[in-house]
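Participant: Residues in the sequence shown are numbered consecutively from 86, following our numbering. By construction, the Cβ of each residue, glycine as well, lies at the ideal position given by its N, Cα and C atoms. Please read through the structure below; I'll follow up with questions.
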Amino acid sequence: MDRWPKDVGIRAIHFVVPSLYVDQTDLERYDQAAEGKYTIGLGQKQMGFCTDLEDINSLCLTAVSQLVENNGIDYTDIGRLEVGTETIIDKSKSVKSVLMKLFQPSGNFQVEGIDTTNACYGGTAALFNALSWIESSAWDGRLAIVVAADIAVYAKGNARPTGGAGAVAMLVGPDAPLVIERGLRGSYMNHAYDFFKPDLTSEYPVVDGKLSIQCYLNALDQCYKSYRSKCGKKCNLNEFDSFVFHTPYCKLVQKSLARLYLNDFVNSDSKSEDYPGLERFQDISLPDTYFDRDVEKAFMERSKDTFERMTKPSLLLASRVGNMYTPSVYGGLASYLVSLSVDQLPDKKIGVFSYGSGLASSMYSIRVSGNDGLPALISNLKKSFDNLERRLRVSPENFTEVLEIRQKALHQAPYVPIGNKSDLFPGTWYLSSVDEMHRRYYERKES
Ligand code: ACO
Numbered sequence: 086m087d088r089w090p091k092d093v094g095i096r097a098i099h100f101v102v103p104s105l106y107v108d109q110t111d112l113e114r115y116d117q118a119a120e121g122k123y124t125i126g127l128g129q130k131q132m133g134f135c136t137d138l139e140d141i142n143s144l145c146l147t148a149v150s151q152l153v154e155n156n157g158i159d160y161t162d163i164g165r166l167e168v169g170t171e172t173i174i175d176k177s178k179s180v181k182s183v184l185m186k187l188f189q190p191s192g193n194f195q196v197e198g199i200d201t202t203n204a205c206y207g208g209t210a211a212l213f214n215a216l217s218w219i220e221s222s223a224w225d226g227r228l229a230i231v232v233a234a235d236i237a238v239y240a241k242g243n244a245r246p247t248g249g250a251g252a253v254a255m256l257v258g259p260d261a262p263l264v265i266e267r268g269l270r271g272s273y274m275n276h277a278y279d280f281f282k283p284d285l286t287s288e289y290p291v292v293d294g295k296l297s298i299q300c301y302l303n304a305l306d307q308c309y310k311s312y313r314s315k316c317g318k319k320c321n322l323n324e325f326d327s328f329v330f331h332t333p334y335c336k337l338v339q340k341s342l343a344r345l346y347l348n349d350f351v352n353s354d355s356k357s358e359d360y361p362g363l364e365r366f367q368d369i370s371l372p373d374t375y376f377d378r379d380v381e382k383a384f385m386e387r388s389k390d391t392f393e394r395m396t397k398p399s400l401l402l403a404s405r406v407g408n409m410y411t412p413s414v415y416g417g418l419a420s421y422l423v424s425l426s427v428d429q430l431p432d433k434k435i436g437v438f439s440y441g442s443g444l445a446s447s448m449y450s451i452r453v454s455g456n457d458g459l460p461a462l463i464s465n466l467k468k469s470f471d472n473l474e475r476r477l478r479v480s481p482e483n484f485t486e487v488l489e490i491r492q493k494a495l496h497q498a499p500y501v502p503i504g505n506k507s508d509l510f511p512g513t514w515y516l517s518s519v520d521e522m523h524r525r526y527y528e529r530k531e532s
């Protein structure tokens, strides 16, 4: 036990958001959806998307290279690189192997890790792999990078406004400002066809929307139960300063925080003292309440202040970029971190819920240490947020056209992307061409 490295966790975070977005009010009008359905009903403001110039490899190249440059890391410092994604280009060759192109000039080819896939959960599995490596006998003292990235696009219809795109790269090692709490992890894995991608000729998933929400909420209940069982005392939401969630759309996260509150209520031995006014729900059973409007309304109202304080600040990226799939929960973490000043952060405890359809889910917690690396982590992370304001608002007509181009371009070879390079942010890697053997070539827009 004593030989475990101290304070293993996240030492730096860098975010990449697409340079283009569609506004959700514009999309409501274009889709002839009821006014407010996407903005109030789903809680979304904007949705980021990529043209055919960007794919999963280019997004990860951008995230990793910018993480390394912004944080003064040398590629030789890295002994493990893990990728979490559900955006598949090649059934055999990993995104990770493409990223090794960044390591070539340094001569460091001794970098373990490959890709991990299970819907939106792959980034968390990748992070767990990196933590396990650092706490194992195989660790050679170097740092790990975890990159989670996806392009989340849906076919025309009610799921389309819940898309998004993005990438997050995290530097993982000992003596970290964001310490992953040891031994405090609850997981729930099961078989369900709530969201999956059986058609390899399309980027679009097959989705059973209602089932996916039920699976998500059930996984949340199960992970919370398992996490609480490891706390060593009767722990509840009061243990945490913040709770961040995988965010398919912001409204579901508000319901999820209310769901944790409901779990606390169900587990309380003194309901009438601790939860006055909610006694009428004292005999409910959690599995019967996924779509119970009375329960949902009562607990959302009761947990509103807790939500505003603990979770709403974490929804900045999710509301303005959309569901990024694997990076989504880490977008929540990043948004929460930049919502406070550096001196408010030490000792904060952040609960994390990660969910991937199919299904895989985990809950764990992060303790912010007052370590010297914290100011640099926050100031470098803030730079990633600058691009949010520099994005270009695109009409729903252009957005739809871009998705059609992406769909046609998928698996075309040879192919030269037709997207506009001038729309990309400086320092972005992009796909320059695909040759007749489907080999993909990338270039970088100058910083
Ligand atoms: N003003 C305000 N609110 C409105 C309006 C309006 N005019 N119209 C509808 N709403 C509300 C609805 O009441 C509903 O709220 P509720 O959830 O509190 O009941 C909300 O807007 C959404 O409306 P629905 O009719 O339920 O939406 P629909 O069924 O068309 O689609 C869904 C929603 C299922 C989430 C769909 O977007 C989808 O399938 N998305 C992809 C799957 C997904 O994200 N699943 C979540 C977990 S899995 C994952 O991460 C991929």
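1. Check whether the Cβ of residue 404 sits closer than 7 Å to any heavy atom of the ligand ACO, and report yes or no.
2. Is residue 327 near the ligand ACO, with its Cβ less than 7 Å from a heavy atom?
3. At a cut-off of 7 Å, would you count residue 337 as near the ligand ACO, judging by its Cβ distance to the nearest heavy atom?
4. Can the beta-carbon of residue 160 be found closer than 8 Å to that of residue 191?
5. May I have the straight-line CA-CA distance separating residue 521 from residue 499, to the nearest angstrom?
6. Flag residue 483 as yes when its Cβ comes closer than 7 Å to any non-hydrogen atom of the ligand ACO, and as no otherwise.
7. Under 7 Å Cβ to Cβ from residue 200, same chain only, skipping five residues before and after it: list those, please.
8. In chain order, which beta strand (DSSP E) runs of at least 3 residues are fully inside the stretch 428–512?
9. Here's a check: name, in chain order, each residue in its chain whose Cβ is nearer than 6 Å to the Cβ of residue 51, leaving out the five neighbours to either side.
10. At a threshold of 7 Å, does residue 280 count as lining the ligand ACO (C-beta to nearest heavy atom)?
11. Going by the DSSP bridge assignment, what does residue 255 pair with across the sheet?
12. Tell me whether residue 364 sits in a helix, a strand or coil according to DSSP, three-state version.
13. Would you tell me roughly how many angstroms separate the C-alpha atoms of residue 444 and residue 281, rounded to the nearest one?
14. Taking the straight line between their C-alpha atoms, what separation do you get for residue 429 and residue 476?
15. Can you tell me the Cα-Cα spacing of residue 88 and residue 471, whole angstroms?
16. Taking buried to mean at least 16 other C-beta atoms within 10 Å of its own C-beta, is residue 374 buried or exposed?
17. Can you tell me which of the three DSSP states residue 409 falls into?
18. Do residue 101 and residue 172 have their beta-carbon atoms positioned less than 8 Å apart in this structure?
19. In whole angstroms, what is the alpha-carbon distance linking residue 96 and residue 221?
20. Using a Cβ-Cβ cutoff of less than 7 Å, which residues in the same chain neighbour residue 188 once the five nearest sequence positions on both sides are dropped?
21. Going by DSSP in three states, residue 136 sits in which element: helix, strand or coil?
22. Quick one: what's got a C-beta closer than 6 Å to residue 115's C-beta in the same chain, skipping five residues either side?
23. In whole angstroms, give me the CA-to-CA distance for residue 283 and residue 441.
24. Taking the DSSP output, what are the residues bridged to residue 203?
25. Curious, which full-length beta strand (DSSP E) runs of at least 3 residues does the stretch 235–320 contain?
26. Taking buried to mean at least 16 other C-beta atoms within 10 Å of its own C-beta, is residue 290 buried or exposed?
27. Quick check: the Cα distance between residue 333 and residue 384, rounded to an integer number of angstroms?
28. Cβ-heavy atom distance between residue 447 and the ligand ACO below 7 Å?
29. Once DSSP output is grouped into helix, strand and coil, what is the label at residue 196?
Facilitator: Inspection of the coordinates gives the following:
1. In the sequence shown, the residue the question calls residue 404 occupies position 319. No, Cβ of residue 404 sits at least 7 Å from all heavy atoms of the ligand ACO.
2. Residue numbering aside, residue 327 sits at position 242 when the sequence shown is read from its first letter. False, no ligand heavy atom lies under 7 Å from that Cβ.
3. Taking the first residue of the sequence shown as position 1, residue 337 is located at position 252. Of the heavy atoms belonging to the ligand ACO, at least one sits nearer than 7 Å to the Cβ of residue 337.
4. In the sequence shown, residue 160 corresponds to position 75, counting from 1. In the sequence shown, residue 191 corresponds to position 106, counting from 1. Their beta carbons are under 8 Å apart, which means residue 160 touches residue 191 by this criterion.
5. As a working note, residue 521 is residue 436 in the sequence shown. As a working note, residue 499 is residue 414 in the sequence shown. Cα-Cα distance, rounded: 4 Å.
6. To locate residue 483, count along the sequence shown from 1; it is residue 398. No - the ligand ACO has no heavy atom lying nearer than 7 Å to the Cβ of residue 483.
7. Position 115 of the sequence shown, counting from 1, holds the residue named residue 200. So the list reads 168, 170, 179, 180 and 181, once near-sequence residues are dropped.
8. 434–441 and 445–453
9. No answer is possible for residue 51: it lies beyond the span of the chain, which begins at 86 and ends at 532.
10. As a working mapping, residue 280 is identified with position 195 in the sequence shown. Yes, the beta carbon of residue 280 sits closer than 7 Å to at least one heavy atom of the ligand ACO.
11. Within the sequence shown, residue 255 is the residue found at index 170, counting from 1. Answer is 98 and 231.
12. Here residue 364 is taken as the residue at index 279 of the sequence shown, counted from 1. Looking at residue 364 - three-state DSSP - the assignment turns out to be helix.
13. Translated into the one-based positions of the sequence shown, residue 444 becomes position 359. Translated into the one-based positions of the sequence shown, residue 281 becomes position 196. Approximately 10 Å, taken between the alpha carbons.
14. Taking the sequence shown and counting its residues from 1, one reaches residue 429 at position 344. Taking the sequence shown and counting its residues from 1, one reaches residue 476 at position 391. One C-alpha to the other measures close to 30 Å.
15. In the sequence shown, counting from the first residue as 1, residue 88 sits at position 3. In the sequence shown, counting from the first residue as 1, residue 471 sits at position 386. Each residue's alpha carbon lies about 40 Å from the other.
16. Translated into positions along the sequence shown, residue 374 becomes position 289. It counts as buried.
17. For the purposes of this step, residue 409 is identified with residue 324 of the sequence shown, where counting begins at 1. When DSSP states are grouped into helix, strand and coil, residue 409 belongs to the coil group.
18. As a first step, residue 172 must be located in the sequence shown, where it is residue number 87. As a first step, residue 101 must be located in the sequence shown, where it is residue number 16. Cβ distance not < 8 Å, so residue 172 and residue 101 don't count as in contact.
19. Locating residue 96 in the sequence shown gives position 11, where the first residue counts as 1. Locating residue 221 in the sequence shown gives position 136, where the first residue counts as 1. Each residue's Cα considered, the two are about 19 Å apart.
20. To locate residue 188, count along the sequence shown from 1; it is residue 103. So the list reads 160, 194 and 196, once near-sequence residues are dropped.
21. For the purposes of this step, residue 136 is taken as residue 51 along the sequence shown, with counting starting at 1. Of the three classes helix, strand and coil, the one that applies to residue 136 here is coil, per DSSP.
22. The residue you call residue 115 lines up with position 30 of the sequence shown. Closer than 6 Å at Cβ, skipping near neighbours: 481.
23. One-based indexing of the sequence shown puts residue 283 at position 198. One-based indexing of the sequence shown puts residue 441 at position 356. Cα to Cα, residue 283 sits roughly 16 Å from residue 441.
24. Here residue 203 refers to the residue found at position 118 when the sequence shown is read from its first residue. Looking at the DSSP assignment, residue 203 forms a beta bridge with 205.
25. 249–258 and 263–274
26. Within the sequence shown, residue 290 is the residue found at index 205, counting from 1. Counting Cβ neighbours within 10 Å, residue 290 comes out buried, since at least 16 surround it.
27. Within the sequence shown, the letter at position 248 stands for residue 333. Within the sequence shown, the letter at position 299 stands for residue 384. Spanning the two alpha carbons is a distance of roughly 20 Å.
28. By 1-based counting over the sequence shown, the position of residue 447 is 362. Result no, Cβ not under 7 Å from the ligand ACO.
29. Residue mapping note: residue 196 aligns to position 111 of the sequence shown, counting from 1. Reduced to three states, the DSSP call for residue 196 is coil.
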